[in-house]
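S.K.:
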């Protein structure tokens with residue numbers, strides 16, 4: 002079960018656009034806030050915020066879809 | 369920007385303290401946002417599944433050196449089958465970082481009796497990162513020094529300890545291109561002209 006979760010989320014992360022995956026990694030795995038990410042990537046804060054939003058929405062759709070796959 | 373737009377960052381834990389405070393206030397009065405937050409439970413439990421050792425989310429890093437720790441964390445986790453070397457300083461444009469993230473860089477595993485780590489050469493050979501986990505804090509006045517044996521023995525420098533207990537060094541260029549052996553030893557904190565202490569981790573290339 003844990004392995005399944007792990008495989009699914011890795012697939013979902015891999016499917017993200019590179020700039021979206023980078024903000025997720027820096028925020029969740031690096032512990033940075035959006036403001037810090039904007040500084041690290043030298044990117045406008047608004048751009049970082051929209052990437053975070055889009056990336057999370059994509060991940061949710063992927064994870065929901067994997068859940069449906071697993072049940073069917 | 370609408371406060372609802374902070375929802376995903378709130379779930380991810382990526383809001384600044386004042387934003388997070390404001391969003392919590394908003395959540396108290398907005399049931400549709402509470403429902404939305406709940407719908408991210410699956411994503412967050414999946415993300416937790418790939419944190420090594422089931423560790424909690426990384427602690428907030430507030431110092432100016434946070435990027436170094438972020439790099440170390442990302443390097444070690446190696447999400448998606450590769451590890452990613454990010455840039456050493458925050459003065460690179462996103463295109464370069466995106467290229468480094470997208471291309472799997474070269475990686476050499478370091479191992480030792482109590483610690484292990486990686487040497488990662490970023491895409492384009494612009495940076496080399498040394499990351500070691502599991503080393504005890506060095507005694508006062510001592511530190512961990514990296515050695516590279518190629519045609520001769522050289523040292524790119526001392527590892528720096530992060531607050532998560534990782535030892536990290538990131539230097540420009542591909543410094544392990546001609547390496548046959550890479551090692552880390554305990555030396556005086558300022559660095560030693562030649563290796564004298566016991567080897568902590570090493571790799572044959």
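Residue numbers (my numbering), protein chains in the order written: chain A, 2 to 73; chain B, 369 to 573. Built from N, CA and C at the ideal position, the CB exists for glycine as well.
Is the CB of residue 58 (chain A) under 8 Å away from at least one CB in chain B?
M.R.: Answer yes: the Cβ-Cβ gap between residue 58 (chain A) and chain B drops below 8 Å somewhere.
S.K.: Go through the stretch 491 to 560 of chain B residue by residue and report every complete run of the alpha helix (DSSP H) that reaches 4 residues or more, in order.
M.R.: As far as the stretch 491 to 560 of chain B is concerned, it has no whole alpha helix (DSSP H) run of at least 4 residues.
S.K.: Does residue 10 (chain A) come out as helix, strand or coil in the three-state DSSP assignment?
M.R.: In this structure, residue 10 (chain A) counts as helix in the three-state DSSP scheme.
S.K.: Considering Cα atoms alone, identify which of A:41, A:54 and A:6 is closest to residue 381 (chain B).
M.R.: It is A:54 whose Cα lies nearest to the Cα of residue 381 (chain B).
S.K.: Quick check on residue 377 (chain B) - is its C-beta less than 8 Å from some C-beta in chain A?
M.R.: Yes, residue 377 (chain B) lies at the interface with chain A (some Cβ there is under 8 Å from its Cβ).
S.K.: Does the beta carbon of residue 568 (chain B) sit closer than 8 Å to a beta carbon anywhere in chain A?
M.R.: Judged by the 8 Å Cβ criterion, residue 568 (chain B) is not in contact with chain A.
S.K.: Can you give the Cα-Cα distance for residue 373 (chain B) and residue 573 (chain B), rounded to whole angstroms?
M.R.: Each residue's Cα considered, the two are about 49 Å apart.
S.K.: Examine the ligand COA and report whether any of its heavy atoms sits within less than 7 Å of the Cβ of residue 33 (chain A).
M.R.: Absence of the ligand COA is noted for the structure shown, with no ligands found whatsoever.
S.K.: Taking its Cβ as the centre, do 16 or more other Cβ atoms sit within 10 Å of residue 397 (chain B), making it buried, or is it exposed?
M.R.: Exposed.
S.K.: Taking the alpha helix (DSSP H) that residue 382 (chain B) belongs to, which residues open and close that run?
M.R.: Per DSSP, residue 382 (chain B) belongs to no alpha helix (DSSP H) and is neither H nor E.
S.K.: Is residue 533 (chain B) close to chain A, meaning its C-beta is less than 8 Å from at least one C-beta of that chain?
M.R.: No, because no Cβ of chain A sits closer than 8 Å to the Cβ of residue 533 (chain B).
S.K.: So what does residue 572 (chain B) bridge to, in DSSP terms?
M.R.: DSSP, once it has assigned bridges, lists B:549 as partnering residue 572 (chain B).
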